[in-house]
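What follows is a single structure, written as C-alpha coordinates, with notes after it.
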(Lines of atoms letter the chains of each structure in order from A; the text may use other names.)
(Lines give C-alpha, C1' and ligand atoms only; values in the text may rest on other atoms or scores of the structure.)
Protein backbone atom coordinates (compact mmCIF):
# COMPACT_ATOMS: atom_id res chain seq x y z
CA UNK A 2 0.00 0.00 0.00
CA UNK A 3 1.33 3.47 -0.89
CA UNK A 4 1.98 6.16 1.68
CA UNK A 5 -0.73 8.34 0.12
CA UNK A 6 -3.34 5.59 0.47
CA UNK A 7 -2.30 4.87 4.04
CA UNK A 8 -2.63 8.57 4.91
CA UNK A 9 -6.07 8.72 3.32
CA UNK A 10 -7.16 5.68 5.33
CA UNK A 11 -5.98 7.28 8.56
CA UNK A 12 -7.94 10.43 7.75
CA UNK A 13 -11.09 8.58 6.80
CA UNK A 14 -13.38 9.77 4.00
CA UNK A 15 -12.05 13.32 3.85
CA UNK A 16 -14.02 16.01 2.03
CA UNK A 17 -12.54 19.51 2.17
CA UNK A 18 -14.30 22.66 0.96
CA UNK A 19 -12.44 25.95 0.67
CA UNK A 20 -13.96 29.38 0.03
CA UNK A 21 -12.16 32.73 -0.25
CA UNK A 22 -13.74 36.07 -1.15
CA UNK A 23 -11.82 39.21 -2.13
CA UNK A 24 -13.20 42.58 -3.30
CA UNK A 25 -13.25 43.34 -7.01
CA UNK A 26 -10.71 45.62 -8.65
CA UNK A 27 -11.67 48.57 -10.84
CA UNK A 28 -15.40 47.99 -10.51
CA UNK A 29 -15.21 44.29 -11.36
CA UNK A 30 -17.22 41.74 -9.40
CA UNK A 31 -15.62 40.43 -6.23
CA UNK A 32 -13.37 37.42 -6.65
CA UNK A 33 -14.82 34.20 -5.25
CA UNK A 34 -12.42 31.25 -5.17
CA UNK A 35 -13.73 27.83 -4.23
CA UNK A 36 -12.35 24.32 -4.24
CA UNK A 37 -13.72 20.93 -3.24
CA UNK A 38 -11.32 18.04 -2.71
CA UNK A 39 -11.48 14.60 -1.14
CA UNK A 40 -9.60 11.37 -0.62
CA UNK A 41 -12.06 9.49 -2.83
CA UNK A 42 -14.22 10.83 -5.69
CA UNK A 43 -17.16 8.81 -4.38
CA UNK A 44 -17.09 10.51 -0.97
CA UNK A 45 -19.93 13.03 -0.43
CA UNK A 46 -18.71 16.61 -0.09
CA UNK A 47 -20.18 20.06 0.52
CA UNK A 48 -20.17 22.15 -2.64
CA UNK A 49 -20.38 25.97 -2.52
CA UNK A 50 -22.82 27.36 -5.09
CA UNK A 51 -22.50 31.06 -5.90
CA UNK A 52 -25.94 32.70 -6.02
CA UNK A 53 -24.95 36.39 -6.13
CA UNK A 54 -21.90 38.63 -6.24
CA UNK A 55 -21.09 42.24 -7.03
CA UNK A 56 -18.00 44.38 -6.48
CA UNK A 57 -17.85 43.76 -2.72
CA UNK A 58 -20.48 41.25 -1.69
CA UNK A 59 -21.08 37.57 -2.40
CA UNK A 60 -23.69 35.01 -1.39
CA UNK A 61 -23.02 31.26 -1.35
CA UNK A 62 -25.19 28.23 -0.70
CA UNK A 63 -23.47 25.17 0.81
CA UNK A 64 -25.02 22.16 -0.92
CA UNK A 65 -24.18 18.59 0.22
CA UNK A 66 -23.45 16.20 -2.62
CA UNK A 67 -24.68 12.90 -1.25
CA UNK A 68 -25.68 11.64 2.19
CA UNK A 69 -23.93 13.34 5.10
CA UNK A 70 -22.85 12.57 7.78
CA UNK A 71 -21.88 8.88 7.70
CA UNK A 72 -19.33 6.77 9.58
CA UNK A 73 -15.80 7.71 8.60
CA UNK A 74 -16.73 11.04 6.99
CA UNK A 75 -14.29 13.87 7.70
CA UNK A 76 -15.81 17.15 6.52
CA UNK A 77 -13.69 20.31 6.60
CA UNK A 78 -15.06 23.75 5.69
CA UNK A 79 -12.47 26.50 5.33
CA UNK A 80 -13.78 30.06 4.79
CA UNK A 81 -11.74 33.25 4.36
CA UNK A 82 -13.08 36.78 3.83
CA UNK A 83 -10.44 39.32 2.78
CA UNK A 84 -10.39 43.06 3.72
CA UNK A 85 -13.22 45.06 2.18
CA UNK A 86 -15.31 42.01 1.19
CA UNK A 87 -18.59 40.61 2.54
CA UNK A 88 -19.77 36.99 2.36
CA UNK A 89 -23.22 35.63 3.16
CA UNK A 90 -23.46 31.83 3.55
CA UNK A 91 -26.77 29.98 3.57
CA UNK A 92 -27.60 26.28 3.81
CA UNK A 93 -30.53 24.80 1.85
CA UNK A 94 -31.28 22.27 4.60
CA UNK A 95 -30.04 20.67 7.77
CA UNK A 96 -27.46 17.92 8.25
CA UNK A 97 -28.06 14.54 9.90
CA UNK A 98 -25.27 12.51 11.49
CA UNK A 99 -26.59 8.96 11.15
CA UNK A 100 -26.04 5.84 13.27
CA UNK A 101 -22.35 4.98 12.86
CA UNK A 102 -22.40 1.51 14.43
CA UNK A 103 -19.39 2.05 16.67
CA UNK A 104 -17.47 4.29 14.26
CA UNK A 105 -17.26 8.08 14.18
CA UNK A 106 -17.15 11.16 11.93
CA UNK A 107 -16.07 14.80 12.14
CA UNK A 108 -17.30 18.18 10.96
CA UNK A 109 -14.73 20.98 11.28
CA UNK A 110 -15.29 24.62 10.37
CA UNK A 111 -12.39 27.09 10.14
CA UNK A 112 -13.26 30.76 9.52
CA UNK A 113 -11.03 33.81 9.04
CA UNK A 114 -12.49 37.31 8.67
CA UNK A 115 -10.12 40.22 7.99
CA UNK A 116 -10.36 43.80 9.23
CA UNK A 117 -13.02 45.69 7.32
CA UNK A 118 -14.63 42.41 6.16
CA UNK A 119 -18.01 40.87 6.99
CA UNK A 120 -19.47 37.37 7.25
CA UNK A 121 -22.94 36.01 7.96
CA UNK A 122 -23.53 32.25 8.13
CA UNK A 123 -27.10 31.03 8.53
CA UNK A 124 -26.49 27.49 9.74
CA UNK A 125 -29.39 25.02 9.59
CA UNK A 126 -30.05 22.26 12.18
CA UNK A 127 -27.27 19.73 12.75
CA UNK A 128 -28.95 16.54 13.98
CA UNK A 129 -26.97 13.93 15.93
CA UNK A 130 -29.07 10.77 15.57
CA UNK A 131 -28.94 7.84 17.98
CA UNK A 132 -25.77 5.82 17.43
CA UNK A 133 -23.84 8.71 15.84
CA UNK A 134 -20.50 9.84 17.23
CA UNK A 135 -19.33 13.22 15.93
CA UNK A 136 -16.44 15.56 16.59
CA UNK A 137 -17.80 19.00 15.66
CA UNK A 138 -15.44 21.97 15.85
CA UNK A 139 -15.93 25.62 14.98
CA UNK A 140 -12.85 27.83 14.92
CA UNK A 141 -13.20 31.54 14.09
CA UNK A 142 -10.38 34.05 13.81
CA UNK A 143 -11.16 37.68 13.03
CA UNK A 144 -9.25 40.95 12.91
CA UNK A 145 -10.34 43.98 14.90
CA UNK A 146 -12.89 45.89 12.83
CA UNK A 147 -14.53 42.79 11.33
CA UNK A 148 -18.29 42.14 11.40
CA UNK A 149 -19.68 38.62 11.73
CA UNK A 150 -22.89 36.80 12.62
CA UNK A 151 -23.13 33.00 12.86
CA UNK A 152 -26.18 30.88 13.66
CA UNK A 153 -25.87 27.24 14.80
CA UNK A 154 -28.57 24.77 15.81
CA UNK A 155 -27.71 21.46 17.45
CA UNK A 156 -30.41 18.79 17.68
CA UNK A 157 -29.66 15.81 19.91
CA UNK A 158 -31.50 12.85 18.42
CA UNK A 159 -34.32 12.69 15.91
CA UNK A 160 -37.92 12.65 17.09
CA UNK A 161 -38.61 10.05 19.77
CA UNK A 162 -35.03 8.70 19.90
CA UNK A 163 -32.09 9.09 22.26
CA UNK A 164 -29.30 11.49 21.31
CA UNK A 165 -26.10 10.35 19.72
CA UNK A 166 -22.70 11.42 21.01
CA UNK A 167 -21.15 14.75 20.00
CA UNK A 168 -18.01 16.56 21.11
CA UNK A 169 -18.81 20.22 20.56
CA UNK A 170 -15.89 22.66 20.55
CA UNK A 171 -16.09 26.36 19.73
CA UNK A 172 -13.17 28.80 19.74
CA UNK A 173 -13.76 32.39 18.63
CA UNK A 174 -11.07 35.02 19.01
CA UNK A 175 -9.61 38.16 17.47
CA UNK A 176 -5.99 39.14 17.08
CA UNK A 177 -5.95 40.42 20.66
CA UNK A 178 -8.85 38.90 22.59
CA UNK A 179 -10.84 35.71 23.04
CA UNK A 180 -14.55 36.11 22.49
CA UNK A 181 -15.97 32.63 23.14
CA UNK A 182 -14.52 29.26 24.12
CA UNK A 183 -16.72 26.21 24.75
CA UNK A 184 -16.12 22.49 25.09
CA UNK A 185 -19.18 20.29 25.56
CA UNK A 186 -19.41 16.51 25.45
CA UNK A 187 -23.06 15.53 24.99
CA UNK A 188 -24.59 12.05 24.79
CA UNK A 189 -27.52 10.09 26.21
CA UNK A 190 -25.96 10.16 29.70
CA UNK A 191 -24.64 13.73 29.93
CA UNK A 192 -27.39 15.59 28.07
CA UNK A 193 -30.01 15.38 30.87
CA UNK A 194 -27.56 16.68 33.46
CA UNK A 195 -26.31 19.53 31.26
CA UNK A 196 -29.42 20.50 29.30
CA UNK A 197 -32.25 19.06 31.39
CA UNK A 198 -35.13 17.96 29.19
CA UNK A 199 -33.93 20.05 26.27
CA UNK A 200 -32.55 18.33 23.19
CA UNK A 201 -32.17 21.41 20.96
CA UNK A 202 -29.65 24.22 21.44
CA UNK A 203 -29.76 27.18 19.07
CA UNK A 204 -27.13 29.93 19.19
CA UNK A 205 -26.59 33.23 17.41
CA UNK A 206 -23.19 34.86 17.76
CA UNK A 207 -22.71 38.50 16.74
CA UNK A 208 -19.35 40.27 16.72
CA UNK A 209 -19.15 43.98 15.89
CA UNK A 210 -16.38 46.58 16.21
CA UNK A 211 -18.48 48.41 18.84
CA UNK A 212 -21.08 47.26 21.39
CA UNK A 213 -24.52 46.46 20.00
CA UNK A 214 -27.30 49.00 20.30
CA UNK A 215 -30.77 47.50 20.50
CA UNK A 216 -31.60 43.90 19.74
CA UNK A 217 -33.79 41.45 21.69
CA UNK A 218 -33.05 41.04 25.40
CA UNK A 219 -34.48 37.53 25.70
CA UNK A 220 -31.88 34.73 25.81
CA UNK A 221 -29.13 37.35 25.38
CA UNK A 222 -25.63 37.25 26.83
CA UNK A 223 -23.34 40.24 26.36
CA UNK A 224 -19.90 38.64 26.37
CA UNK A 225 -16.84 40.07 28.10
CA UNK A 226 -15.30 41.20 24.81
CA UNK A 227 -16.79 44.55 23.71
CA UNK A 228 -19.05 44.22 20.69
CA UNK A 229 -19.65 40.46 21.17
CA UNK A 230 -23.16 39.18 21.88
CA UNK A 231 -24.52 35.63 22.16
CA UNK A 232 -28.17 34.61 22.03
CA UNK A 233 -28.87 31.03 23.09
CA UNK A 234 -32.07 29.11 23.61
CA UNK A 235 -32.66 25.54 24.84
CA UNK A 236 -35.85 23.68 24.02
CA UNK A 237 -37.39 20.27 23.51
CA UNK A 238 -38.01 20.81 19.78
CA UNK A 239 -36.49 22.91 16.99
CA UNK A 240 -39.50 25.18 16.52
CA UNK A 241 -39.45 25.98 20.26
CA UNK A 242 -35.76 26.91 20.18
CA UNK A 243 -36.07 29.45 17.38
CA UNK A 244 -33.94 32.58 17.78
CA UNK A 245 -35.38 34.07 14.59
CA UNK A 246 -35.68 37.60 15.99
CA UNK A 247 -32.11 37.59 17.26
CA UNK A 248 -30.83 36.19 13.95
CA UNK A 249 -32.68 38.81 11.90
CA UNK A 250 -31.21 41.54 14.08
CA UNK A 251 -27.67 40.10 13.98
CA UNK A 252 -27.78 39.51 10.21
CA UNK A 253 -29.00 43.05 9.56
CA UNK A 254 -26.33 44.52 11.86
CA UNK A 255 -23.64 42.89 9.70
CA UNK A 256 -25.10 43.19 6.20
CA UNK A 257 -26.34 46.77 6.64
CA UNK A 258 -22.98 48.05 7.88
CA UNK A 259 -21.03 49.76 5.06
CA UNK A 260 -17.75 48.25 4.03
CA UNK A 261 -14.65 50.51 4.01
CA UNK A 262 -14.98 53.01 1.16
CA UNK A 263 -18.55 51.90 0.35
CA UNK A 264 -21.44 54.34 0.19
CA UNK A 265 -24.76 52.99 1.48
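Residue numbers (the numbering used here): 2 to 265. All C-beta atoms in this analysis are idealised placements derived from N, C-alpha and C, irrespective of residue type, glycine included.
Taking one beta carbon from each stretch, the region 189 to 198 and the region 217 to 229 have fewer than 3 pairs nearer than 8 Å; the two do not touch. Cβ contact annotation for residue 116 (same chain, cutoff 7 Å, sequence separation greater than five): 84, 144, 145, 146 and 147, in chain order.
Residue 137 is classed as buried because its beta carbon has at least 16 other beta carbons within 10 Å across all chains shown.
Excluding five sequence positions before and after residue 53, the CB atoms of its chain that fall closer than 6 Å to its own CB belong to 60, given in chain order.
Taken atom to atom, the span from the alpha-carbon of residue 175 to that of residue 100 is near 37 Å.
The region 146 to 197 is shown to contain whole beta strand (DSSP E) runs of 3 or more residues at 148 to 157, 166 to 175 and 179 to 187, in chain order. DSSP places residue 21 in the strand class (E or B) of the three-state scheme. By the C-beta criterion, the region 38 to 57 is judged not to be in contact with the region 249 to 259, since fewer than 3 inter-stretch pairs fall below 8 Å. The beta-carbon distance between residue 118 and residue 86, rounded to whole angstroms, is 5 Å. This is short enough to meet the 8 Å contact definition. Leaving aside the five residues that flank residue 89 on each side, the residues in its chain whose CB is nearer than 6 Å to its CB run, in chain order, 60 and 121.
CA-CA distance, residue 243 to residue 151, rounds to 14 Å. Secondary structure at residue 81: strand, using DSSP grouped into helix, strand and coil. Exposure of residue 194 is indicated by the presence of fewer than 16 other C-beta atoms within 10 angstroms of its C-beta. In the structure shown, the three-state DSSP call for residue 71 is coil.
The region 73 to 80 and the region 92 to 110 touch, with three or more beta-carbon pairs separated by less than 8 Å. Under the DSSP assignment, residue 206 falls in the beta strand (DSSP E) whose first and last residues are 201 to 208. Excluding the 5 residues flanking it on each side, residue 35 has same chain C-beta neighbours closer than 7 Å at 19, 20 and 49, in chain order. Buried is the label assigned to residue 58, since at least 16 other Cβ atoms lie within 10 Å of its Cβ. DSSP lists no beta-bridge partner residue for residue 239. Using a 10 angstroms sphere on the CB of residue 164, the tally of other CB atoms reaches 16 or more, which defines it as buried. Exposure of residue 161 is indicated by the presence of fewer than 16 other C-beta atoms within 10 angstroms of its C-beta. Rounded to whole angstroms, the separation of the alpha carbons of residue 125 and residue 94 is 6 Å.
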